[in-house]
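Heads up: the protein sequence lines correspond to chains Y, U and C, in order. Once you know that position 333 of the first sequence is 713 in the numbering used here, the rest is easy, because the numbers rise by one and skip nothing. Once you know that position 115 of the second sequence is 171 in the numbering used here, the rest is easy, because the numbers rise by one and skip nothing. Once you know that position 64 of the third sequence is 151 in the numbering used here, the rest is easy, because the numbers rise by one and skip nothing. No residue lacks a Cβ here, since even glycine has one placed at the ideal position from N, Cα and C. Please read these numbers as outputs of a predicted model, since none were measured by experiment. Notes to accompany the following structure.
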Amino acid sequence: MFDDKALERIRAGKDNWEKTTLAKTLPKAPERKPVFTSISGTPVERLYTPLDVQGLDYERDLGYPGQFPFTRGVQPTMYRGRYWTMRQYAGFGNARESNARYRYLLEQGQTGLSVAFDLPTQAGYDSDHPLSMGEVGKVGVAIDSLDDMKILFDGIPLDKVTTSMTINAPATVLLAMYLAIAEEQGVSFDKVGGTVQNDILKEIICRGQYIFPPKPSMRLTVDLIDYCFKNVPKWNTISISGYHIREAGSTAAQEMAFTIADGIAYVQACVDRGLAVDSFAPRLSFFFNAFTNVLEEVAKFRAGRRVWARIMKERFGAKDPRSMMMRYHVQTGGVTLTAQQPLNNIVRVALQAYAAALGGCQSLHTNSYDEALCLPTQEAVTVALRTQQIVAEESGATDTIDPLAGSYFVEAMTDKIEADIEEYIKKIDAMGGTLAAIEQGYIQKEIQDSAYRFQKEIETGERVYVGINKYTMEEPEPTNLLKVDMKVGEIEAAKLKKLRAERDQAKWKAALDKLREVSQSDENVMPAVIEAVKARATIGEICDVWRDIFGEYRPKEFV
Amino acid sequence: MAQERKIKIIVAKPGLDGHDRGAKLLARIFAEAGMEVVYTGLRQTPEMIVETALQEDADVVGLSSLSGVHMYFFPRVVQLLREKGLDDVLVVGGGIIPSEDIPELKKAGVAEIFGPGTPTAKIVEFIKQNVRRRD
Amino acid sequence: MQDYAQQVLEGSPRAAARLISWLEDEDERALDVMERLYPHTGRAYIVGITGSPGAGKSTLTDKLTFALRRQGLTVGIIAVDPSSPFTGGAVLGDRVRMSRLSTDPGVFIRSMATRGFLGGLAKATGEVVKVLDAFGKDVIVIETVGVGQDEVDIIRLADTTCLVLVPGLGDTIQSMKAGVMEIADIFVINKADRPGADQLYAEVTTRVEQDAHLKERAWTPPVVRTVAVEDQGVDRLLEAVHDHRRFLEDSGALEDKRRRRAREETLQMIHGELFRRIRDRLTADGELEALVDEIAAKRRSPYRVMREVIGRWLKE
Ligand SMILES: Nc1nc2c(ncn2[C@@H]2O[C@H](COP(=O)(O)OP(=O)(O)O)[C@@H](O)[C@H]2O)c(=O)[nH]1
Ligand SMILES: [Mg+2]
């Protein structure tokens, strides 16, 4: 962006500054530490100048919003047109309670729903399974059958809202239930919009909600993508997630790199299935974390968009620009929240939301300040939503597109993260691809090493964490915490018993038999799953058919 | 002269929760502190954890839970340990645990609960101070 | 004091577990208990599983144990992992892959750290085998890391040693140190689902055949392909173990093996006990330090000291 002559002058100027002004100051006012690093451990220099972005080619590397390589954003007008979708992840206890919370949030101006499921649902067990003991309704809503799902969306028109469901291994089953409800509401599939997470690789890497081995899991993933592309065109078929990778302890660059590596594996699997890349790629979306280190986060998002666009174009030969766009949801960093002095978390979340906005997200969940203690209270949820509304409507960050572009630091950091991502992708390719790298434990190990390094920094005090290793204080015990009724499990179990007794047995059996047959063939399972949920087969029963055919995954554990 | 006694600790994740960042980190820290750490992995039932403690003759059982199931799992592990005659095994817990639950957990026999942000050195110290002296 | 020997014989896992701890700690109380258990040992069949880290040994052990359980046999598993030479601690992670076995009363799993003992085993491994044997386990599986030249102690302990090789981990015939190929009674090519498996299989098979030509051996190690994660080939592996056992029994080689083991063990025990007693005596009254002072000051040589100490001891 600067010609040689200008750079020459700047180099001389900087030299001069270091020898005079800086040299005079440093002995009198030494810097706080010898080396500064970002929260990810990336060195941060004293001063960035055009010298640090000499290689940058504006047209090639930054370009324009809505155009390749999308560094500056995926939409031409970004938030000058419409703010990001404000989507708060919620759902707890049983379907009826969750339904009430959804209606409340919609009344408060939220524009999309986000459903959290309890762990038995995520792991494909019914509420009365032995492994579900103590877990029912704990971290989200318990869904066993279509009846529960109907209560969950009671009075919510599925053509008016979009719904994001955090569900992976059994994503096909929950989507089938959602579609069955749309059908009952008389909403045609082409009007139904939303997202399923459907990202099994990160479950295997770090989140732990897997059921089947990687290969059959990938088949279900691709079945869902394929089905939606043909029948539910507005559905986001996968949300390739770095969020949990970051929560597990990765650096910013690792979060982006491993998520992109997962993305490559999914695209490859679809291509191997025979799908044309431009047919399904526009519906792929991503999900990232935002930590408090605003500038590094912004650089991460910008670098990610650029790398993904190039990969889609160059590696997969995508032609449609929409196939090259990295669109993503952001959630603020759960692990950054402290149980100590919880109100401080509001500030952290605000900075993180600000980073997400400056980074160009498409939707955002802001965490509640009490999340490190318990399930969020209504008050905390409201503050969280207000936080992103303030970022959107008061901060001014939304008035111009990609406002930090051209910052020498942010551009240099973007380049650095891009280089880190590419390095990782190269390594993973050399190992035989993402699945092989996961199987060898490479990705898990890298994440764990970062987590370990971070922990050590906190404990030695090298990195400050307010309320944890600095500015600590005695605190009164927190009050007003929300707890789930331990009875949810029993109630759900009783409901299941009734369901099993009352459903049309012949229809139920026929539907499961059909599912088994289809699952053993190469056919897409989705239609059979929809029929099965309509016949009131439970999530556990459907997954049991697959456990039987596909086997169960046992993880590679690394310490 | 006998060998120096090593502390043997089971690090377990009860239930379906898959967030094992803390558990794995601690496994590593305990090993660095000279302990022998048996890592069980995810999706452990109380029965599995206690059987492991029994066979390994563990001095300590460390439980980590982030999904709010501690009130079910932690007391159950203590109770099963007692049933097997392993009363002297030190049980400690960590994760996201509201402080108002702590008195009840302690009453049930959990020796200590370490919330998020506890320095790992403190956990190691607690274990070294309170671990049983094996006969 | 509780009668641990009696309790072990009656099948108390708690007593067995505690006794094993004593053995690991070299606690003197173990000696009497072991003496009483000894007459009840010698029944179990001992299988060693060795190979590089990540080869799939734990997964194989899990699957093999399942297969043995289906045949109605009880199983003891000893999983050895290295201790850190710097901290003395260890992460013992093999149980992760054997989760489902942990509540099976017919299975007893014990993880052991090497505690600085070289040879791929923990020092007490041989004693722990005896405990599990007396405890009534029909088959004892020892999982141990490493097939470097120095880590072949397993063959002295196991009746049948399985060497697990995998494609793509650098397990090629050329890369193997001399002597490693010889330790295997059975070769297992695990991860046969991976590229390169066929080639590795062919290489190993050829090598085994060549060896059979070169020197007459009564047993030719079979080469078995497995995909441990998918439970494929495990039945064939089990068959091979049974074959080897039958061979050892029929040829009298099992007798020989166990005789050799008894000889080595006895010598080792004498060695250990003698050393322990002398060391304890020398350290108890500070004599050792005084001797070291003399040696350090070059007033005496360690050779002289050694002769004197031994001489004095033998007279007593
Ligand atoms: N592809 C494949 N992976 C396997 C096979 N056997 C084991 N693994 C995987 O290899 C990794 C290491 O296995 P593990 O049993 O812990 O190896 P160990 O270190 O030798 O005990 C795990 O991720 C297993 O799932 C196999 O036959 N095929
Ligand atoms: Mg192992």
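Reduced DSSP category for residue i - H, G, I as helix; E, B as strand; rest coil
i	result
D168 of chain C	strand
W681 of chain Y	Rather than Trp, the amino acid found at residue 681 of chain Y in this sequence is Phe. Three-state DSSP puts F681 of chain Y in a helix.
A58 of chain U	In this prediction, A58 of chain U scores a pLDDT of 49, lower than 50, which makes its location untrustworthy; the coordinate-derived value is nonetheless stated afterwards. In the structure shown, A58 of chain U sits in coil (DSSP, three-state: anything other than H, G, I, E or B).
M545 of chain Y	strand
S121 of chain U	strand
T712 of chain Y	strand
H509 of chain Y	coil
E855 of chain Y	coil
H126 of chain U	helix
Y428 of chain Y	coil
V67 of chain U	strand
T174 of chain C	coil
K184 of chain U	helix
W926 of chain Y	helix
A641 of chain Y	helix
K850 of chain Y	strand
A114 of chain U	coil
N611 of chain Y	helix
With 16 other Cβ atoms within 10 Å as the buried cut-off, status of residue i
i	result
N578 of chain Y	buried
W400 of chain C	exposed
Y933 of chain Y	buried
K867 of chain Y	exposed
I929 of chain Y	exposed
D606 of chain Y	buried
R707 of chain Y	buried
L354 of chain C	exposed
Y940 of chain Y	No information on residue 940 of chain Y is available, as it lies outside the stretch 381 to 939 that chain Y covers here.
S901 of chain Y	exposed
Rounded C-alpha distance that separates residue i from residue j
i	j	result
V572 of chain Y	E635 of chain Y	30 Å
A890 of chain Y	D884 of chain Y	10 Å
V651 of chain Y	I818 of chain Y	21 Å
R440 of chain Y	M458 of chain Y	20 Å
A58 of chain U	E798 of chain Y	Residue placement at A58 of chain U is poorly supported in this model, since its pLDDT is 49, which falls under 50; the coordinates still yield a value, given next. Distance between the alpha carbons of A58 of chain U and E798 of chain Y is about 56 Å.
A881 of chain Y	V913 of chain Y	16 Å
T137 of chain C	A109 of chain U	26 Å
M639 of chain Y	V602 of chain Y	Before going further, note that residue 639 of chain Y is Thr rather than Met in the sequence given. Going from the Cα of T639 of chain Y to the Cα of V602 of chain Y covers about 17 Å.
D191 of chain C	I547 of chain Y	33 Å
T814 of chain Y	E563 of chain Y	38 Å
T501 of chain Y	G443 of chain Y	44 Å
S665 of chain Y	A683 of chain Y	16 Å
R312 of chain C	Y95 of chain U	29 Å
D642 of chain Y	L335 of chain C	51 Å
I625 of chain Y	I585 of chain Y	8 Å
G869 of chain Y	E694 of chain Y	51 Å
T465 of chain Y	I770 of chain Y	14 Å
Q519 of chain Y	D73 of chain U	At residue 519 of chain Y the sequence reads Val, which differs from the Gln that was named. When rounded, the distance between both Cα atoms is 9 Å.
R188 of chain U	N669 of chain Y	42 Å
D280 of chain C	S568 of chain Y	44 Å
V295 of chain C	T174 of chain C	41 Å
Y788 of chain Y	E425 of chain Y	11 Å
E139 of chain U	L378 of chain C	53 Å
When Cβ atoms are compared, which residues of the stretch 107 to 119 of chain C fall closer than 8 Å to chain U?
If the cut-off is 8 Å between Cβ atoms, the stretch 107 to 119 of chain C has I107, S108, E111, D112, E113, D114, E115 near chain U.
Chain-ordered residues of the stretch 162 to 185 of chain C with a beta carbon less than 7 Å from chain U:
For the stretch 162 to 185 of chain C, residues whose beta-carbon sits nearer than 7 Å to a beta-carbon of chain U comprise S171, T174, G175, G176, A177, V178, L179, G180, R182, V183.
What residues in the stretch 95 to 128 of chain U bring their beta carbon closer than 8 Å to a beta carbon of chain C?
Hits within the stretch, in order: Y95, T96, G97, R99, Q100, T101, E103, M104, E107, T108, L110, Q111, E112, D113.
Anything in the stretch 89 to 104 of chain C with a Cβ closer than 7 Å to a Cβ of chain U? List those residues in chain order, please.
Listed by position along the chain: P100, R101, A104.
Against chain C: residues of the stretch 906 to 932 of chain Y by CB proximity under 8 Å
Cβ contacts with chain C: G931.
Below 8 Å between beta carbons is the criterion; list the residues of the stretch 143 to 171 of chain U that meet it against any residue of chain Y, in chain order.
Residues I152, P154, S155, E156, G171.
For the stretch 582 to 611 of chain Y, which residues have a beta carbon sitting closer than 9 Å to at least one beta carbon of chain C?
P593: these are the residues of the stretch 582 to 611 of chain Y whose beta carbon lies less than 9 Å from some beta carbon of chain C, given in chain order.
Under 7 Å, CB to CB, which of the residues in the stretch 203 to 219 of chain C have a partner in chain U?
When C-beta distances to chain U are compared with 7 Å, every residue of the stretch 203 to 219 of chain C stays at or above that value.
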